[in-house]
Amino acid sequence: MSDKFPTGVLWGAATAAYQIEGAARTDGRGPSIWDVFCDTPGKTVGGENGEVACDHYHRWREDIDLMRRLNLQCYRFSISWPRVMPTGRGAINQRGLDFYDRLVDGLCAAGIAPMITLYHWDLPAALQMEEGGWEHDDSPHWFADYAELIFNRYSDRVARWITLNEPWCSVDGGYFHGAHAPGVRDRALGYRVGHNLMRAHAQAVSRYRASKHSRGMISFALNTAWFFPETNSPADIAAAERALLNFGGWFADPAHFGDYPAVMRERLGDMLPRFSDEDTRLLRRSMDYISLNYYTSDVVRYKHGAGLMDAEICTPPEVQRTEMGWPVYPDGYYNLMMWLHTRYGLPLMVTENGAAMPDKPDRTGYVDDQDRIAYLQSHFDAARRATRDGVDLREYYVWTLMDNLEWSVGYEKRFGLVHCDRRTLKRTIKASGHWYADFIAGACEKTRRLASPAGAMR
Ligand code: IFM
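Residue numbers for the sequence shown follow numbering that gives the first Met the number 0, beginning at 0 and rising by one.
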């Protein structure tokens, strides 16, 4: 059997605005909730923030050059909402829009297909402070207006779209345990925020589909783990299924079926808000593809009273973990891809997959990260197996292009294919970057370089 991926799968890398751009006060950008959060003492490791980050805002040409050296065929980045609309509504910042024009044009000229994420967690601070951000039931309209601005500006050259990155993280980090901006701890409010995020996704998709250049594909980035039952007992198997529905199903089900999984409705009762008929209409079939951000899996067992789902995490301590402490489970990845395929029947784009490892740069900045290569290799193998078993994989984006701000844990957790020196910001391709470049060259023997990045969708 061939060890190659199907012809036509595209290979890329992903980033997010706040994690790499820097230039937080440049050219009229407004503050985001992450600027405010990082400025609050004790919120991030070492008080780190995104003021400079990788200075991609000024070094984007060099970064496109790096992408070429990595043989990337596609690149996922996010637009900073407060860079283009400093207070989130009304006034538009042309200089912010011009930056993304330059980036998109540079990518297209390099033969690299751009994929845009509209929202990767950096809500304009004014919306949070004045209106409560995503807690406000009008927030989906603000987002849809912003989305329409971006579609009108770039969709002549961009065909790949993601509305929201990982709404689960916005709720879990931002509202359940408060380790992410805006740093709230209130479960009921968290479910409302998740609800408004999905309403925002649906409204943005509807605007996209009504727009004149809507020939591309749009979805939202779903992050979820896979859950292995500890034993084959029906109780453990049912607990694992509930855990999965309460994680991936929480957001993917509304975006495909128009409502939350039944088990969430049963167990959360009134804490889970209701969608209006109009919301449901817009939500149904609002994903053109599954955008999967996968890192890890866990083992669970049935335990009465363990969370709302009676499911207790019991991953063995001896399982290999990344620097984030996340268990490494390529088989879970395979199972998850198969489950998504069966449940939703949509094409798949892996929009994030990668690992933080204990990188040790040498004096030149070079990192011999064989552990990251092993992680990627095993996960590529799982994905290849899934394609043989029916999954329609279209594109694959490694997280991440270069070491960057890992949110509240600062710059010490490194996921990059490229090392970025914190002091000099010098970029050095790691062993994993060279390995990936060779992999792409080999995996894509039959895939021609993209002639037209904007239109290149199967
Ligand atoms: O760095 C993040 C990214 O912003 C969203 N997905 C997970 C990555 C690693 O934690």
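Glycine included, every Cβ here is placed at the ideal spot set by N, Cα and C.
Unbroken alpha helix (DSSP H) runs of no fewer than 4 residues, entirely contained in the segment 6-55, are found at 16-19 and 32-37, following chain order. When only Cα atoms are considered, L416 and I428 end up about 6 Å apart. Distances from the CB of H55 to the heavy atoms of the ligand IFM are all 7 Å or more. Per DSSP, the beta-bridge partners of M348 are S290 and E394. The nearest non-hydrogen atom of the ligand IFM is less than 7 Å from the C-beta of F414. Apart from sequence neighbours up to five positions away, the residues of its chain that approach V318 with a beta-carbon distance below 6 Å are P326, ordered along the chain.
Checking the 7 Å criterion, the Cβ of H119 is within range of a heavy atom belonging to the ligand IFM.
Residues S296, G331, N334 and L335 of the same chain have their beta carbon placed closer than 6 Å to that of W225, with the five preceding and five following residues left out of the count. In this chain, I91 is not harboured by any alpha helix (DSSP H), its DSSP state being neither H nor E. According to DSSP, residue pairing for L163 in a beta bridge involves Y118.
Taking C-alpha positions only, G247 is separated from R362 by approximately 42 Å. For S377, the secondary structure class from DSSP, reduced to helix, strand or coil, is helix.
The C-alpha of L282 lies about 31 Å from the C-alpha of I312. The three-state reading of DSSP puts L221 in strand, counting E and B together. For I312, the uninterrupted beta strand (DSSP E) segment begins and ends at A310 to I312. With a cut-off of 8 Å on Cβ pairs, the segment 226-241 is not in contact with the segment 164-175, counting fewer than three such pairs. For A239, the shortest separation between its Cβ and any heavy atom of the ligand IFM does not lie below 7 Å. Around the beta carbon of P346, 16 or more other beta carbons sit within 10 angstroms, so the residue counts as buried. Rounded to the nearest angstrom, the gap between the Cα atoms of P360 and L69 is 19 Å. Relative to the ligand IFM, A16 has its C-beta separated by 7 Å or more from all heavy atoms.
Looking from the CA of I289, the closest CA among A146, T350 and H200 belongs to T350. Distance from the CA atom of T162 to the CA atom of W120, rounded to whole angstroms, is 11 Å. The closest heavy atom of the ligand IFM lies less than 7 Å from the beta carbon of N222. Nearest C-alpha to G105 among H140, V157 and A146: V157.
Taking a contact as a CB-CB distance under 8 Å, the pair D402 and H418 counts as one, their CB atoms being some 6 Å apart. Within the chosen limit of 7 Å, the ligand IFM does not reach the beta carbon of W249 with any heavy atom. By the criterion of a C-beta distance shorter than 6 Å, W10 is surrounded in its chain by Q72, Y395 and I439, once the five residues flanking it on both sides are discounted.
Out of A12, H179 and V8, the CA that lies nearest to the CA of N352 is found in A12. Rounded to whole angstroms, the gap between the alpha carbons of L307 and M197 is 21 Å.
Inter-segment contact for the segment 146-154 and the segment 181-198 is absent: fewer than three beta-carbon pairs are separated by less than 8 Å. Beta-bridge annotation (DSSP): T427 is paired with H418. DSSP places V299 inside the beta strand (DSSP E), whose first and last residues are S296 to Y301. Taking a contact to require three or more Cβ pairs closer than 8 Å, the segment 364-380 and the segment 421-435 qualify as touching. Counting only the Cα atoms, E129 lies some 47 Å from G7. For Y332, the enclosing alpha helix (DSSP H) covers residues P329 to Y343.
F76: member of the beta strand (DSSP E) spanning C73 to S77, first to last residue.
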